[in-house]
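Enquirer: Counting from 73, one number per residue, gives the positions in the sequence shown under this note's numbering.
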Amino acid sequence: MNTVTGAIYLPGAGNIEAARAAELRRRLAYVHAVSRLAPRPGLDAVRAVVAEVVARIGGKPPAPRTVVEWCRRFERLGREPGALLPSSRARTAPMAGAPAWMGRIVEEVAAEARRPEAPSMGAMLDLVARRMTAHAREHGLDLRLPSRATLHRAIGPHVAAAHAFRHPRRFRHVGAGTAAGWLPLGTIRIDVTRVRVASGEATVLAVARDGKTGRVAAAAVGPALDAAGFLRLACGLPGAPADAEVIRCGTAHVGDIAVDNAAEFLGRSFRDAAAALGVRVHFEARGVDRRMRFDCLHRDVAVHVAAAGIRDLAEFLRRWFDLEDARL
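(1) Below 6 Å CB to CB, which residues in the same chain sit around leucine 223 once its five sequence neighbours on both sides are set aside?
(2) Near glycine 150, which residues of its chain fall below 8 Å by C-beta distance, leaving aside the five closest residues on each side in sequence?
(3) Would you kindly report the start and end of the unbroken alpha helix (DSSP H) that includes glycine 294?
(4) Does DSSP classify proline 136 as helix, strand or coil?
(5) Inspect the beta-carbon positions of alanine 105 and glutamate 124 and report whether they are closer than 8 Å.
(6) Within 8 Å, do at least three Cβ pairs link the region 338 to 350 to the region 283 to 301?
(7) With distances taken from CA atoms, which of Arg304, His207, Val178 and Thr259 is nearest glycine 228?
(8) Along the chain, where does the alpha helix (DSSP H) that runs through glutamate 210 open and close?
(9) Can you tell me whether DSSP reads threonine 222 as helix, strand or coil?
(10) Indicate the three-state DSSP secondary structure (helix, strand or coil) for valine 126 in the structure shown.
(11) Using the C-alpha atoms, what's the distance from aspartate 394 back to phenylalanine 388?
(12) With a floor of 3 residues, list each beta strand (DSSP E) that falls wholly inside the region 303 to 352, ordered by position along the chain.
(13) Helix, strand or coil for valine 121? Go by DSSP, reduced to three states.
(14) Which residues in the same chain have their Cβ closer than 6 Å to the Cβ of arginine 241, if we skip the five residues on either side of it in sequence?
(15) Taking the beta carbon of leucine 305 as the centre, do at least 16 other beta carbons fall within 10 Å, making it buried, or is it exposed?
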C-alpha cells in the first residue's frame, strides 16, 4: 500500500487508484470470510458472514447472492485479486474505451466462437476473462476487467451466429444444424402453411422453391398433405395423398433442402423420409430472408381463400406460379 497516494499494487496488475483499491479490499474481506465456510454454503450462512464482516469493517452490506458471485468469479479466474476489481460498465458500444489489447483478445475469441463446434456463451466469456487476466499479468498492465454484460454484447452476436441454427442432437443424422449462410448450391426451400378456405375446409399448402432463383419446383394443396409426402413430391416421386391437388411436381434430384423449425418438419415420418431419400435437411430460423416471395405468396393466398374452395385455390396457384415464372 502506498501511504502517500493511497494506491494498491497487485502482482502483474500495475498501480490501482485508491477508490478502486478500497473497493477491492472490501470485496476480498467478504470473499475470504465466506471461503472459510463449507463448500457451496447456503444463503443464510453467507448472510451471517456478511453481518460479521460489516460489523468489523463497516459500510453498506452487499447482498448474499452478490458475495456468492464474487466467490465464484474469484475461484474461476485462478484466485487472482484482480478478478474482484469493479468492472467497467460502458453503456455505449461494446468495449468502448477499452485498451486495444482487450479488443484483440475479444476478436480472437469471437473468431473461435464462429466455429460450429464453439462452446457455450458462458465458457466463451470465461475464456475472455482468463486471457485478459493472463495478458495483464504477463505485461504488468492495470487490469480493469470489463463486465460480463459488456463482454456478452461484444461476442454475443458471434456465438449466436454459430448456435442459432443448431438443432438437438437427435436430428444430426439428417444433416440438421447447418446455418442458412452455409447452404449448398441447389438447395430447395420447403414451406408448409395451413389455410382455411371460405367453405370452412382446412387445407395444407406446401411449396418448394429453388433457394437461389426462387422458382417453384413443386407445390401441392390438400387437407391430408403432410411434410413427408410432399418431400417425395418435391423429389419427383409419387407419394402425395389421393385427395391432394398437385400443382407442380419436382423433376430434378434434390440433395439438400432447407426448412424452418415448424412442427411439420420435426416428426419422425419426415426425418425417416429424408433419410430414406438421401436428402440432407438444414434447419434455419423462422423469419430468415427468403427473397420475400413466400411472403407475397401467403399474402395473395390469404386474399384468395376468402372466396375459393380447395380446387379453386389450386387453379389460382397454377396461374400465379406461371405468371411469376414469366417474371423471373
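Glycine included, C-beta positions come from ideal geometry on N, C-alpha and C.
Expert: The relevant details are as follows:
(1) In its chain, beyond the 5 residues on either side, Leu197 and Val200 have a beta carbon closer than 6 Å to the beta carbon of leucine 223.
(2) Arg202 and Thr205
(3) It is not in any alpha helix (DSSP H) - glycine 294 instead sits in the beta strand (DSSP E) that spans 288 to 294.
(4) helix
(5) yes
(6) Contact holds: three or more Cβ-Cβ distances are below 8 Å.
(7) Val178
(8) 193 to 211
(9) helix
(10) helix
(11) 10 Å
(12) 317 to 320 and 328 to 331
(13) helix
(14) Interpretation of arginine 241 is limited by its pLDDT of 39, a score under 50 that renders its predicted location unreliable; no figure is taken from the coordinates.
(15) buried
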